[in-house]
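Scroll down for the structure; my scribbles are underneath it.
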Amino acid sequence: MKTGYKRIVVKVGSNVLAGKDASLDASTLENIADQIAGLRNAGIEVILVSSGAVACGRSIVRNARKLDAVSARQLFSSVGQARLINRYCELFARHGMICGQVLTTKESLSTRDHYLNQRNCMTAMLGNGVIPVVNENDTISVTELMFTDNDELSGMIATMMDAGCLVILSNVDGIYDGNPSEPGSSVIREVRHGDNISGFIGTGKSSFGRGGMLTKYKIASKVADEGIEVIIANGKRPGILRALLQDEGEDVCCTRFLPSERPISHIKKWIAHSDGFAKGSIRINEGAYAVLTGEKASSLLPVGVTAIEGNFEKGDIVRIISPDGRVIGVGKVSAGSARAAELIGQKGRRALVHYDYLYIE
C-alpha cells in the first residue's frame, strides 16, 4: 500500500455499522476492523472514532420502559458501548493487535489542560501499538454538553493528534450536487479552500445517528482549513479504506476536502473547535470586522468592541460577533467580562484577544 500519511483518523457512523433492524452489522464491522489492521501493518497509525453504541444498545434492550431522551441514550449507550468495544477487541485480536477504549465528553476537552491530557493519553497508546477506539461518553453526557455528533468529535481528534487525514465513513459516497436519490445527481469529488457547497446539502438527519451531511460538511471544511485532508466516503463499500489511501484512490467515488496550504498552530486548532465551550461573546464594529477578516493577521483590540455579553474570566473562550450578529470566530480572552466591559471603545489598550489565540472562520 502506498500512502504519504503517517497517522489518520477514521470516523465510522452509526448508519455504517447498523443493519436495518438497528443491530450491529457484523460483516461491516469486521470489514472495517480488517482494513484498519491492514493500515497498521502498512505502518500507518490509526485512531478510530466509532459511533454505534446507542444503536447497538437499543437493539439489545428491546423492552425498556418509557424513558426521556437523555435517560434512554444513557441506558442504551451503557449497554451498547460494552458490546461494541468487546467486538472490536475480538476483531483486532485476530490480527495480533490491541485496541483501547477512549470515552470522552465535550466538557472534558473544554480546557487546555484537559485537552492536552487527552492528547497525551492517545499519544501513549499509539506509541505502544494500541489502536484508540474513541466515542463520546453518552452515559454521562447531557444535551447541552454533548458534541453535535461524532463528526464534530472526530474533527477535534484529528486536529488534536496532528493527523494527516480524516476519513468520515457514511452510508453514501460523499456530498452530492443534488438529491442522491434523484437521477442526474453526482458526487462532488473535490472541495478546495474557500469553496462553499452548503447550498447543495439537505438538512436531514441520519437514520440511527444524530448528525447529517451538513454537519459533516461544516466539520470537514474547518478541519481542511487547519491543514488536514478530509475524505467523506461510503463505509459500506468493501475495502473502501484501502482504496482511498492507495495511489489510485483519486479515482474512488468520494468527496475530498483539500487541506489548506497554511496550517494553523496547535493552540489555534484547539481554539477553532472551542465554540461549544464559549462562556460569552464580544461584539465588534465594522472597523474591527474589516481588520479581523482581512489578509493581514490582527488581534482584537478594545477600540473595536461595541458590547460584552455573558460572564467570563480571563483565559476563557469567547465568541466574536460581527456587526450584523454572525459568529465569525472564537478566541481566548485576556480579561474577564467586567474588565472587558470597562475597556469598550478605548484606544491604546493591549489586545482583548491576541492573534495567537484567535480563530476567525
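Residue numbering for the sequence shown follows the numbering used here, beginning at 209 and increasing consecutively. Ideal Cβ positions, reconstructed from N, Cα and C, are used throughout, including at glycine.
- In this structure, VAL399 sits away from PRO388, with a CB-CB distance that is not shorter than 9 Å.
- Taking all protein chains shown into account, ILE306 has fewer than 16 neighbouring C-beta atoms within 10 Å of its C-beta and is therefore exposed.
- Annotation for TYR563: no beta strand (DSSP E) segment contains it, and DSSP assigns it neither H nor E.
- Taken through DSSP and simplified to helix, strand or coil, SER259 comes out as coil.
- Looking at the DSSP output, VAL399 shares a beta bridge with PHE465.
- Fewer than three pairs of CB atoms, one per stretch, sit closer than 8 Å, so the segment 250–259 makes no contact with the segment 276–285.
- When DSSP states are grouped into helix, strand and coil, GLN289 belongs to the helix group.
- SER362 and HIS481 have their C-alpha atoms roughly 11 Å apart.
- Contact between ILE252 and ARG215 holds, since their C-beta atoms are separated by about 7 Å, short of 8 Å.
- Here the alpha carbon of ARG327 sits roughly 25 Å from the alpha carbon of GLY288.
- In the three-state scheme derived from DSSP, where H, G and I count as helix and E and B as strand, THR236 is classed as helix.
- In the DSSP assignment, LYS540 falls outside any alpha helix (DSSP H) and within the unbroken beta strand (DSSP E) covering 535–540.
- Contact fails between the segment 423–434 and the segment 496–505, because fewer than three Cβ pairs, one in each stretch, are under 8 Å apart.
- When secondary structure is reduced to three states using DSSP, GLN309 falls in the strand class.
- Counting every other CB atom within 10 Å of its CB across the protein chains shown gives ASP357 a total of 16 or more, marking it as buried.
- Around the beta carbon of PRO446, fewer than 16 other beta carbons lie within 10 angstroms, which makes this residue exposed.
- Short of 6 Å from the beta carbon of HIS303, and not among the five residues preceding or following it, lie these beta carbons of its own chain, in chain order: ALA245.
- Residues ILE525, VAL526, ARG527, VAL538 of the same chain have their beta carbon placed closer than 7 Å to that of ALA486, with the five preceding and five following residues left out of the count.
- When secondary structure is reduced to three states using DSSP, ILE525 falls in the strand class.
- Cα atoms of TYR567 and ALA515: separation of roughly 19 Å, rounded to the nearest angstrom.
- The alpha-carbon separation between MET364 and TRP478 amounts to approximately 8 Å.
- About 19 Å separates the Cβ atoms of LEU453 and GLY221, ruling out a contact at the 8 Å cut-off.
- CA-to-CA, the gap between CYS297 and GLY337 works out to about 14 Å.
- Residue burial annotation: LEU508 is buried, with at least 16 other C-beta atoms found within 10 angstroms of its C-beta.
- For TYR567, the beta-bridge partners assigned by DSSP are VAL538.
- Between ARG558 and THR463 the beta-carbon gap is near 43 Å, outside 8 Å, which marks them as no contact.
- DSSP places GLY435 in the coil class of the three-state scheme, outside both helix and strand.
- In terms of Cβ geometry, LEU225 and ALA263 form a close pair [threshold 9 Å].
- Membership of VAL217 in the beta strand (DSSP E) is indicated by the continuous run 215–220.
- The bridge partners DSSP lists for VAL511 come to none.
- In the structure shown, GLU503 falls within a coil segment according to DSSP collapsed to helix, strand and coil.
- Nearest to ILE440 by alpha-carbon distance, out of ALA261, TYR425, GLY488, LEU551, is TYR425.
- In the structure shown, GLY484 adopts helical secondary structure according to DSSP, grouped into three states.
- If the five residues before and after ASP459 are omitted, its C-beta is found closer than 7 Å to no C-beta atom of its own chain.
- In this structure, DSSP gives VAL460 a state outside helix and strand, which the three-state scheme calls coil.
- The three-state reading of DSSP puts ARG302 in coil, since its state is none of H, G, I, E or B.
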